[in-house]
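Novice: Chains as they are written, first to last, in the working numbering: chain H, 51 to 338; chain S, 51 to 338; chain A, 1499 to 1763; chain W, 1499 to 1763; chain Y, 4 to 321.
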Amino acid sequence: MSHEAEAVSSRGGGISAGIKTPRPKSNWLKHEMAVPKPWAVNVGRFALFIIMLLLWEIGARSGLINSFFWSQPVEIARTWWIGVQTGAVWQDTLYTFRSTVIGFVLGTLGGTLLGLSFWWSKYYARISEPFIIMFEAMPKLALAPIIVLVFGIGIGSKIAMGFAITVVITTLTTYNGVRSVDKDLVRMVYSLGASRMQVFRKVIVPTAIPAMISALRINIGLALTGAIVGEYIGSERGLGRMIFYAGQTYEISLIWANIFNLSILSMLLYVLIGKLESLLLKGFMHQK
Amino acid sequence: MSHEAEAVSSRGGGISAGIKTPRPKSNWLKHEMAVPKPWAVNVGRFALFIIMLLLWEIGARSGLINSFFWSQPVEIARTWWIGVQTGAVWQDTLYTFRSTVIGFVLGTLGGTLLGLSFWWSKYYARISEPFIIMFEAMPKLALAPIIVLVFGIGIGSKIAMGFAITVVITTLTTYNGVRSVDKDLVRMVYSLGASRMQVFRKVIVPTAIPAMISALRINIGLALTGAIVGEYIGSERGLGRMIFYAGQTYEISLIWANIFNLSILSMLLYVLIGKLESLLLKGFMHQK
Amino acid sequence: MNAYKMELENVSKTYLGTDGNPVNALGPIHMQIPNHRFISIVGPSGCGKSTLFNIISGLVETSDGAIYVGGNRVDGLTGITGYMLQKDLLLPWRTILDNVILGLEIEGIPKKEAKAKALPLLYKYGLKGFEHHYPAQLSGGMRQRAALLRTIMYDREIILLDEPFGALDAQTRAMMQEWLLDLWDDFQKTILFVTHDMEEAIYLSDEVYIMTSRPGTIKRHLMIDLPRPRKPQIITSPQFIELKEEALRTLSEETMRAYQQESAG
Amino acid sequence: MNAYKMELENVSKTYLGTDGNPVNALGPIHMQIPNHRFISIVGPSGCGKSTLFNIISGLVETSDGAIYVGGNRVDGLTGITGYMLQKDLLLPWRTILDNVILGLEIEGIPKKEAKAKALPLLYKYGLKGFEHHYPAQLSGGMRQRAALLRTIMYDREIILLDEPFGALDAQTRAMMQEWLLDLWDDFQKTILFVTHDMEEAIYLSDEVYIMTSRPGTIKRHLMIDLPRPRKPQIITSPQFIELKEEALRTLSEETMRAYQQESAG
Amino acid sequence: GGRSTASSGPDTAVPAKAAGNTKELIIAEPVHSTGYLPLYIAIRKGLFEDIDVKVVTLSGGSAHTNAVLTDQAFGFIGGPEHNAFAKAKGAELRAVVNIVNRGNVYLVARSGLDPGTDIAAFMRGKSVAVTQYGGTPNSIIRYLAKEWGYELDKDITLKEVDSGAIPAILQQGQGDVAVVTEPILTQGIQEGIWGEPFYNVPQELGPYAYSTINIKQDSITKDPETVQKFVTGIQKGLEFLQDNHEESMEIAKQEFPTMAEDLLKTTLNRSYEDEMWEFSGQISEEAVTTGLAVVRAAGLLKTDTIEYADIIDMQFVK
Ligand SMILES: Nc1ncnc2c1ncn2[C@@H]1O[C@H](COP(=O)(O)OP(=O)(O)OP(=O)(O)O)[C@@H](O)[C@H]1O
Ligand SMILES: Nc1ncnc2c1ncn2[C@@H]1O[C@H](COP(=O)(O)OP(=O)(O)OP(=O)(O)O)[C@@H](O)[C@H]1O
Ligand SMILES: [Mg+2]
Ligand SMILES: [Mg+2]
């Protein structure tokens, strides 16, 4: 058997020899079982980040990268530091954070409820479909006049944007989750005399939960985008507003500095969502 | 047994009576099995659409809805008809269609490959994560100066927008699909001596396909959004440019007329994707 | 009151095959099930036993025919029978205990009460220490026991069991058999029981139906007139052996015929 | 050349329980499996039989101990043994035929060739007409047959079978038994076989291991010295009955002990 | 225009792609506006000789400048202050012909508010809806605030929003005053959201290099003939606009087919009235000085060293 011959290490003597040879492992076991060590991952990320910055700075200094269009790390860091000193960084980040989180929560809840509600009637689901698509297709920015009319220029319009942008995708994802339910489980529960409401509560909702949870990550990013678009429509504060400012006035380093802040914020949000996700998975699905 | 007594109809005589009573059905069976009739669905959609338009028009005429901000259906129809006559509708729609489809194809393929590639190394996947999130968090609209720099002012920048907006979500969705694989199936295939490549081809990819397919619907909408954003940044033609222009000049009816065109386009795209989806599901998953 | 607890009249099922043509999977089946009887159904694999149970429990629509319980037409209705499906179908996100009380929960019995009722049974049937485990952490046999307990806890007059003891070890199986007989006796249930083990079928039942191969119809209806209560030793009695040989001959005739048919055609 | 085809040395497995404490699920196990033997393993449900097979086939890491095949250490290596898992694990997106040839495909044998090899077996074992069906369309027994055929087609010297005949009807089971014996004889395989049916274990095997309840260790190692080839009638021979009674007594002792332990603690 | 690479800087000249005999020139406009009617007239009436001019709408910050600096577009429409911004970072751009020579914005007050005659006094404590920072309307209100001696956020609050949001803000009473341009100005008046402008920037600030056509210095050195042809065409467009009000209106209708006709007419009339266009194409020193003063007041231009000659080149205007 060639398979065997290739893969195993010779042991020499019989069992009685009792010499413990190092345990051989197949590749896949290592892979499927291993969870990368957090510190190694963080080191990797950090290293990659630093290398990218270094290449950029060197490229800019040597003229390979035109710093007129791209700016350069040292310059960006300087601009960023000014923001930290004036306190603008914290205020803008907090502002964007607040509207993102509220829009996210509302959009996710709304979309989940809507997606789940589709289970109740295929007819209703099919009728609603094109309207949902229509709503999704609307460029939210173009609706600025109406959005301001309805939601004002305060935090309301930013929340509305976050909501509008997350709700459709959550609806679709949840509905996909609902449709992926194991038909046999549904049958079994019906065989116990369950009502539709009971099947819904005891099978459909728990089945859809992983889909909903997997939508969280995507949603937080979208809610952030929504908040940024909302800030574009009109805002007094916020990272999005700062970036547009900078874009209008050729301050490329200010754009990057705020994109950096935005990345930090979005990373923070993802970390929070990650925690929430594993809490939910543990609570509902008993997975690690 | 109260259950029984409630639910069943009395039959009177014994079997020998041979009188066929109408067959009783439980609610859920009707629901789970019934597929809504296409004509009924279409009638429902159309009716809903007409009712909404009527309410809008009546509201505008009676002054309940401020038609300066909301415009009104008759006005929108008139504006739309001008577009049809001048041929602008077709040109703009075609332009947007083209960039959407190209962006969609590239973004979906790219995201799928990226998402699948994450299966190969958790370490690599974990390291890449924040960079992907960073990329996702960047407000594409604000990067206009740099986008124009990298992708030009032609169709390239619209395609790039569609790509940028779809690729991350496809990546995340595919990776979620990959992670949802039945561990026992993977074990079984390894037990047949499969290499990682074989497990990948024979289990991981087929498992991820439904997730990928379910991402198609979401992606086409996002690619459209991307193309629209690309047209905001700069364009000679396209529905997004028209909407942007209308917003600048406060032609609300023109905004709606183009949103209508956009809805038609997106519906068309969804229909096409729906066909593609059922083809793929049939081809790969043998589902109806 | 009817003479029979349940009657199947001309029940049959046709699936749509992959090629679009209808595939006749079952029937027509006629059965008259007296009250408080223990009935076994034995038949070649794929003859439609699971399909029949799905139909009786209202989970699959009949293509033709009618089902009556206590004189009332019930086909298409759920909640009439207790049914243990061939797959264990435990809800993966519930602990074993929560899975077992599912039927009671659906009936509206308070969780606490339901749990108090279920725990002794879990203890008795070797699931002690696993009440708060999730299905994925259990061995195959344990999962099947949990599914069986769930069905039993869902206290219906007619109980359908599709190969409930398939994955159990001999000792547990024997214990479960005795317990099932007790239960049937104590609570005056009517039990329909699918098994592949003819000895088990005869040992447990008042009547054994032997089915033909696909599309499954009733080939033979055997009355088991062994006295009750039966002791395990009964299986070595001449009467038992005679019945078993008779039944096995019928079944093997049928299986052979099926194989020959398939090899030929 | 070693005296033994396969040796298990001090193999054990500890899972992490729900409460975070380690749960001892198996072992330590010592086994010495001679070449070309038919070995059965019988034990109470949940004693770790499936866990043991998972370890031998390299799918689960041992917590302790080592496995040698032909003198080479192989624990953690896959592809050494052919393994039929307790679940059927057919790939739902492949037809039955494509599922059955999976092992050959992985070895790089052209699909056409593999299919030509598989079709006669499918015909012989009652899957004719179902080659191009998908797993969801098959009855439980048919799926199990397909899974068994897949393992057999994946032609390894050591074959692990975890309750392969659990869902088969008696006739098919008998046919499969004979066929398995033929195969073992013709191709000189070494077979490890888990079953809950002691009669089946003794009828098929050269050696029977009886395991203790969880954590499963070897309680008894029985040599079955019945002459080969064996006829089905052998089960009524005094020697067979004696062996069976002996084995059942050991097993029931163990199961009883386990139940008592659990009821007490 | 070809796709540029990251390394092609503002000074690396990539020759514009020639299509046959007629060169294709792309002009990037920040928005499609009646103010740029001379350009549209020149295109629609075929007033350019030997060159083929195409217009691309390119919004989004400095995108239009970047398009020119990377040779994806030949020129862009915008104030010469953009050339100053670029110059401050080391890139050379020149305004070669004037189009809009007035600060094309108006201050309006929410209906019901009476600004009276002392505008500075009226403005104290008001909140002003205006488009985003960096855009000229925003710079102008900042400039005016400074002139009045007001401090932002203290004496005057700015609500910086997308232009489409401005009417809604006044309608809802979230703002008192708006800085608007045509055609929203007229629409708001018609709708009764605000009254006639109480502060007419075109008249008050006088000549103001608001929208010029700016190209790369390189184009001037390497291919002056093309630049000449282009500028001549624009000048013909300006002349046409000056001489043929009726026909210009017809062209405007084709260019803005969906805009209400009376609205378009009012807009054009107001533009003529306020001497919006510089029909000679000349950019005066005074006009540039005003423009730069405004962006300096807004804090957009931080250097003081940039002069008229650094950003304007009038050699082609005949
Ligand atoms: N969804 C389906 N589509 C098409 N055919 C089906 C479907 N479900 C079952 N069948 C067919 O119906 C027949 C009866 O299946 P069933 O599961 O009832 O058999 P069974 O008697 O329970 O077999 P076993 O003893 O192996 O469990 C089989 O031939 C099977 O292939
Ligand atoms: N992933 C897991 N996590 C925790 N415990 C587990 C896990 N898998 C199995 N176990 C435990 O290990 C023990 C042995 O399980 P195993 O499936 O090997 O038993 P078995 O002998 O095959 O039983 P059966 O005859 O019922 O199939 C059981 O007590 C089971 O609960
Ligand atoms: Mg079955
Ligand atoms: Mg097992």
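Where a beta carbon is used, it is the ideal one built from N, C-alpha and C, also for glycine.
Is Lys-332 (chain S) helix, strand or coil by DSSP?
Specialist: In this structure, Lys-332 (chain S) counts as helix in the three-state DSSP scheme.
Novice: Run down chain W in chain order and give the residues with a C-beta less than 9 Å from the C-beta of Gly-243 (chain S).
Specialist: Going along chain W in sequence order, the residues near Gly-243 (chain S) (Cβ under 9 Å) are Thr-1576, Gly-1577, Ile-1578, Gly-1601, Ile-1604, Glu-1605, Tyr-1652 and Arg-1654.
Novice: What does Glu-1611 (chain W) pair with, by DSSP beta-bridge criteria?
Specialist: For Glu-1611 (chain W), which the question treats as bridged, DSSP gives no partner whatsoever.
Novice: If you pair each beta-carbon of the stretch 183–191 of chain H with each one of the stretch 255–267 of chain H, do three or more pairs fall below 8 Å?
Specialist: Cβ pair count under 8 Å is below three, so no.
Novice: Given the structure, does Gly-1638 (chain A) come close to ligand 4, in the sense that its CB is under 7 Å from one of the ligand's heavy atoms?
Specialist: At least one heavy atom of ligand 4 is nearer than 7 Å to the Cβ of Gly-1638 (chain A), so yes.
Novice: Once DSSP output is grouped into helix, strand and coil, what is the label at Leu-161 (chain Y)?
Specialist: Strand, per DSSP.
Novice: Give a single yes or no on whether Gln-1669 (chain A) has its beta carbon closer than 7 Å to a heavy atom of ligand 2.
Specialist: Answer for Gln-1669 (chain A): no, Cβ out of range of ligand 2.
Novice: Gly-1563 (chain W) lies in the beta strand (DSSP E); which residues open and close that run?
Specialist: First-last of the beta strand (DSSP E) with Gly-1563 (chain W): 1562–1567.
Novice: Answer yes or no: the CB of Leu-318 (chain S) versus the heavy atoms of ligand 6, is any distance below 7 Å?
Specialist: Although ligand 6 was asked about, the structure shown includes only ligand 1, ligand 2, ligand 3 and ligand 4 as ligands.
Novice: For Val-34 (chain Y), which three-state DSSP category applies?
Specialist: In this structure, Val-34 (chain Y) counts as coil in the three-state DSSP scheme.
Novice: Mind pulling the chain W residues with CB within less than 7 Å of Met-238 (chain S)?
Specialist: What Met-238 (chain S) touches in chain W: Leu-1583 and Leu-1587.
Novice: Can you tell me the Cα-Cα spacing of His-85 (chain Y) and Thr-68 (chain Y), whole angstroms?
Specialist: If you take the alpha carbons of His-85 (chain Y) and Thr-68 (chain Y), they lie about 7 Å apart.
Novice: Give a yes or no on whether the C-beta atoms belonging to Leu-326 (chain H) and Leu-235 (chain H) are separated by under 8 Å.
Specialist: Going by C-beta atoms, Leu-326 (chain H) is not nearer than 8 Å to Leu-235 (chain H).
Novice: For a test of your reading of the model: does the CB of Ser-167 (chain H) fall under 7 Å from any non-hydrogen atom of ligand 3? Yes or no.
Specialist: No, the beta carbon of Ser-167 (chain H) sits no closer than 7 Å to any heavy atom of ligand 3.
Novice: Could you give the distance in angstroms between the alpha-carbon of His-1631 (chain A) and the alpha-carbon of Gly-227 (chain H)?
Specialist: Those two C-alpha atoms are separated by around 25 Å.
Novice: Would you decide whether Ser-142 (chain Y) is buried or exposed? Buried here means 16 or more other CB atoms lie within 10 Å of its CB.
Specialist: Buried, by the Cβ-count rule.
Novice: Once the 5 residues before and after Arg-1728 (chain A) are set aside, which same chain residues still bring their CB inside 7 Å of it?
Specialist: Closer than 7 Å at Cβ, skipping near neighbours: Tyr-1701.
Novice: Am I right that Trp-1682 (chain W) and Phe-1536 (chain W) are in contact with their C-beta atoms under 8 Å? What's the rounded C-beta distance?
Specialist: The Cβ separation is near 6 Å, so the contact holds.
Novice: Taking Cβ positions, are Asn-1646 (chain A) and Pro-1662 (chain A) nearer each other than 8 Å?
Specialist: Note on residue identity: the sequence assigns Leu, not Asn, to residue 1646 (chain A). Contact: yes.
Novice: Decide if Ser-112 (chain S) is buried, meaning its Cβ has at least 16 other Cβ atoms within 10 Å, or exposed.
Specialist: So Ser-112 (chain S) ends up on the exposed side.
Novice: Pick helix, strand or coil for Trp-197 (chain Y), following the three-state DSSP scheme.
Specialist: Here Trp-197 (chain Y) sits in strand by DSSP.
Novice: Enumerate in chain order the residues of its own chain whose CB-to-CB distance from Leu-330 (chain S) is below 6 Å, with the five nearest sequence positions on each side excluded.
Specialist: Within the same chain, Leu-330 (chain S) has close Cβ partners Ile-263.
Novice: Residue range of the alpha helix (DSSP H) that Glu-1676 (chain W) falls in?
Specialist: Looking at the DSSP string, the run of the alpha helix (DSSP H) that includes Glu-1676 (chain W) is 1668–1685.
Novice: Have a look at S:Trp-140, S:Trp-306, S:Trp-169 and S:Leu-274 and flag the residue whose alpha-carbon is nearest the alpha-carbon of Ser-230 (chain S).
Specialist: Per the Cα distances, S:Trp-169.
Novice: Within a Cβ cutoff of 7 Å, which residues of the same chain sit near Ala-148 (chain Y), ignoring the five residues on either side of it in sequence?
Specialist: Leu-155 and Ile-159, listed in sequence order.
Novice: State whether the stretch 1607–1614 of chain W contacts the stretch 1668–1684 of chain W, with contact taken as three or more CB pairs (one from each stretch) at a distance under 8 Å.
Specialist: Judged by Cβ distances under 8 Å, the stretch 1607–1614 of chain W makes no contact with the stretch 1668–1684 of chain W, as fewer than three pairs qualify.
Novice: Does the count of Cβ pairs from the stretch 292–303 of chain S and the stretch 213–223 of chain H closer than 8 Å reach three?
Specialist: The answer is no - the stretch 213–223 of chain H does not touch the stretch 292–303 of chain S, with fewer than three Cβ pairs under 8 Å.
Novice: Looking at the C-beta of Ser-1711 (chain A), does it have a partner C-beta in chain H at a distance below 8 Å?
Specialist: It does not: the Cβ of Ser-1711 (chain A) has no partner Cβ on chain H nearer than 8 Å.
Novice: Does the beta carbon of Pro-195 (chain S) sit closer than 8 Å to a beta carbon anywhere in chain Y?
Specialist: Closer than 8 Å to some Cβ of chain Y, the Cβ of Pro-195 (chain S) qualifies, so yes.
Novice: So the beta strand (DSSP E) Leu-1691 (chain A) belongs to, where does it begin and stop?
Specialist: First, the amino acid is wrong: residue 1691 (chain A) is Phe here, not Leu. Residues 1688–1692.
Novice: Does Asp-1704 (chain A) come out as helix, strand or coil in the three-state DSSP assignment?
Specialist: Coil, per DSSP.
Novice: Starting from His-248 (chain Y), follow its DSSP beta bridges and name the residues at the other end.
Specialist: Bridge partners of His-248 (chain Y): none, in fact.
Novice: Just reading off the alpha helix (DSSP H) that His-85 (chain Y) is part of, what are its end residues?
Specialist: Its alpha helix (DSSP H) spans residues 84–91.
Novice: Leaving out the 5 sequence neighbours to the left and right, which residues in its chain are closer than 6 Å to Ser-251 (chain Y) when beta-carbon positions are compared?
Specialist: Once the five neighbours on either side are set aside, the close Cβ partners of Ser-251 (chain Y) are Leu-244.
Novice: Just to confirm the assignment, what range does the alpha helix (DSSP H) spanning Pro-260 (chain H) have?
Specialist: Where Pro-260 (chain H) is concerned, the enclosing alpha helix (DSSP H) stretches over 255–283.
Novice: Using DSSP with H/G/I as helix, E/B as strand and the rest coil, what is Gly-153 (chain S)?
Specialist: Reduced to three states, the DSSP call for Gly-153 (chain S) is helix.
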